[in-house]
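Participant: Could you have a look at this structure, given as structure tokens, before my questions?
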Amino acid sequence: MAEQHVRRCRAALDAAIDQADDRIEEFRTKIATSGNGETAVGMTVEDLDNAESRSKVAS
-14 MAEQHVRRCR AALDAAIDQA DDRIEEFRTK IATSGNGETA VGMTVEDLDN
36 AESRSKVAS
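What follows is the structure in structure tokens.
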């Protein structure tokens, strides 16, 4: 019984780690480039989202 619980917890933890890794990669990509390909170091994700929204409206 305890072994099953440990396996379920490990599986849930592994899934959470995988999801977090995906989110981190998405965040790094957003920080690395803005919507027009310019370097965006120092910009927040909100800044990038706003820039992306403005570029979509402009096009």
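Using our numbering, you'd call the opening residue of the sequence shown number -14 and step up by one each time.
Heads up, the beta-carbon is just placed ideally off N, CA and C, and yes, glycines get one too.
In whole angstroms, give me the CA-to-CA distance for Asp6 and Arg13.
Facilitator: Going by the C-alpha atoms only, they are around 10 Å apart.
Participant: Between the C-alpha atoms of Glu11 and Gln4, what's the straight-line distance to the nearest angstrom?
Facilitator: About 11 Å.
Participant: Name the residue from Ala(-3), Glu31, Ile2, Ala1 whose alpha carbon lies nearest to the alpha carbon of Lys15.
Facilitator: Of the listed residues, the one whose Cα sits closest to Lys15 is Glu31.
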